[in-house]
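Below is one structure, written out as structure tokens; comments come after it.
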Amino acid sequence: MENMRRQLLGMTIEEMKLFAAELGEKPFRGGQIFTWLHRGVTDFEEMTNLSKALREKLTAGLEAGDFSIGGCRVADVQEDRKDGTRKFLFEMETSDFVEGVFMKYGYGNSLCVSSQVGCRMGCRFCASALGGFVRNLSAGEMLGQVLAAENYVRDEGTDEDPSINHIVVMGMGEPFDNYDNLACFLRLLHDEKGRNMSYRNMTVSTSGIVPVIERFGEDFPQVNLAISLHRLTDEGRSRIMPVNRKYPLDMLLEAAERYTDKTRRRITFEYALISGENDSDEDVNLMIKRLGGMLCHVNLIPLNKVDETGFSGSGRRRAAEIAARLDRAGIPATVRRELGGEIDGACGQLRLKKK
Ligand code: SAH
Numbered sequence: 378m379e380n381m382r383r384q385l386l387g388m389t390i391e392e393m394k395l396f397a398a399e400l401g402e403k404p405f406r407g408g409q410i411f412t413w414l415h416r417g418v419t420d421f422e423e424m425t426n427l428s429k430a431l432r433e434k435l436t437a438g439l440e441a442g443d444f445s446i447g448g449c450r451v452a453d454v455q456e457d458r459k460d461g462t463r464k465f466l467f468e469m470e471t472s473d474f475v476e477g478v479f480m481k482y483g484y485g486n487s488l489c490v491s492s493q494v495g496c497r498m499g500c501r502f503c504a505s506a507l508g509g510f511v512r513n514l515s516a517g518e519m520l521g522q523v524l525a526a527e528n529y530v531r532d533e534g535t536d537e538d539p540s541i542n543h544i545v546v547m548g549m550g551e552p553f554d555n556y557d558n559l560a561c562f563l564r565l566l567h568d569e570k571g572r573n574m575s576y577r578n579m580t581v582s583t584s585g586i587v588p589v590i591e592r593f594g595e596d597f598p599q600v601n602l603a604i605s606l607h608r609l610t611d612e613g614r615s616r617i618m619p620v621n622r623k624y625p626l627d628m629l630l631e632a633a634e635r636y637t638d639k640t641r642r643r644i645t646f647e648y649a650l651i652s653g654e655n656d657s658d659e660d661v662n663l664m665i666k667r668l669g670g671m672l673c674h675v676n677l678i679p680l681n682k683v684d685e686t687g688f689s690g691s692g693r694r695r696a697a698e699i700a701a702r703l704d705r706a707g708i709p710a711t712v713r714r715e716l717g718g719e720i721d722g723a724c725g726q727l728r729l730k731k732k
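The numbering of the sequence shown is the numbering used here, which starts it at 378 and goes up by one.
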């Protein structure tokens, strides 16, 4: 099978050293290849600190199909010229497609990364749920999105700084349904011989897979955690997020409390405001009652319309009112800045247009 071939991008530095040893080279050569790859260089000829013989060996091995690079390429891009947001369609080596969004902030550039092709969570308002689940992405395929996006922006040749120094795992898929590959991806990003990205610059968003929240807090106490909450009654939440039937609110909020007790890190609760569904005064009172006193921050997202779902968003005015009420009650809340509004790059709208 095509995707069973050994992929270089997902290898840890130790695995890369073994790989170099297999080629009859000193292990440190593996470290050099690792560094080049993580800078986005995939043409072995450009790896100038390797011997000519090794470069040729690598190129020949790639051509013979002994291994592959394992990332992805940009198949399509849409750009919002007003704010510099770019939505990418990435094609994996297996011809699967996922999307990612490059966003510019005051502190640098961030990429919203996909963790799966499709998704099995089935949230009723989300475009990624529409096509069902296809497969997990490997760590190398997640890293490949960062490299491909950065290379793309660099090759555009504008005076923008293309460096991606933040990532949010909020693209297609449920990262906690693909935990091992996610963990490997985060460690690769952090590796000082690779991109050396601080764990504090990474955020992972989950729909609420409770046992994994615990594990994540132990494994990555410095990575930011976001939980997609969206409703505070079990009946209502189960209706729009089937995951709630397995991990209901009490369980989820207890896990969130344990997480903040242990890590002392503030959790972000995402709350997509859906008109007439979860944006009444009563809903706001419930938020205040259940989230008051927690080490948290509420990120209100006016729902982005996905035509097939029949839901529509609450409007920025209502969102601002709700944020003000939460703030007054002592719960820090913000309304998410809308980036990429012109290009359907806004969250929840990531979907496969190509099949
Ligand atoms: N599966 C993970 C991460 C991907 S979704 C999760 O559920 O958290 C990233 C965020 O976008 C989640 O909060 C999700 O609920 C939200 N989202 C999905 N569809 C949306 C839509 N149409 N409008 C606004 N937010 C949406």
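Glycine residues also receive a C-beta, built at the ideal position from the N, C-alpha and C atoms.
Fair warning: this is a prediction, and the values are worked out from it, not measured in the lab.
Distance between residue j and residue i (C-alpha atoms, nearest Å)
i      : j      : result
THR637 : HIS415 : 32 angstroms
ARG695 : ARG643 : 25 angstroms
ILE665 : PRO598 : 26 angstroms
PHE396 : ASP660 : 55 angstroms
ASP538 : GLU476 : 21 angstroms
GLY387 : LEU520 : 8 angstroms
ASN380 : ASP704 : Note that ASN380 scores 41 on pLDDT, short of 50, meaning its location in the model is unreliable; the coordinates nonetheless yield the value given after this. When rounded, the distance between both Cα atoms is 48 angstroms.
SER605 : THR436 : 44 angstroms
GLY653 : SER689 : 9 angstroms
PHE444 : GLU470 : 12 angstroms
GLY670 : LEU630 : 12 angstroms
TYR648 : PHE465 : 25 angstroms
GLY483 : ILE544 : 14 angstroms
CYS449 : GLY417 : 11 angstroms
THR419 : ASP627 : 48 angstroms
DSSP-derived helix/strand/coil call for residue i
i      : result
LYS481 : strand
HIS607 : coil
GLU631 : helix
MET469 : strand
PHE646 : strand
SER615 : helix
ASN655 : coil
ARG694 : helix
PRO588 : helix
VAL418 : coil
MET378 : Note that MET378 has pLDDT 37, beneath the 50 cutoff, so the model's placement of it is unreliable and no number is given.
ARG667 : helix
GLN409 : helix
Which residues DSSP lists as bridging residue i, in chain order
i      : result
ALA710 : VAL675
LYS464 : GLN455 and VAL478
THR583 : ILE604
ASN486 : LYS481 and ILE541
GLN384 : SER445
Which listed residue (the options) has its alpha carbon closest to that of residue i
i      : options                           : result
TYR576 : LYS394, LEU563, LEU427 and ARG406 : LEU563
ASN681 : ASP453, GLU423, GLU440 and PHE502 : PHE502
GLY485 : LEU400, ILE541, GLY669 and ALA706 : ILE541
ALA700 : VAL712, LEU565, SER487 and GLU654 : VAL712
ARG512 : SER491, ALA525 and GLY613         : SER491
GLN522 : MET549, ASP554 and LEU507         : MET549
ASP460 : PRO679, GLU468 and PHE479         : PHE479
THR640 : GLU595, TYR648 and ARG616         : GLU595
GLY401 : ILE708, ARG432 and GLY448         : ARG432
MET579 : ASP557, GLY571, LEU602 and ILE586 : LEU602
Run through the segment 496–577 for me and flag every whole alpha helix (DSSP H) of 4 or more residues, listed as ranges in chain order.
516–533 and 556–567
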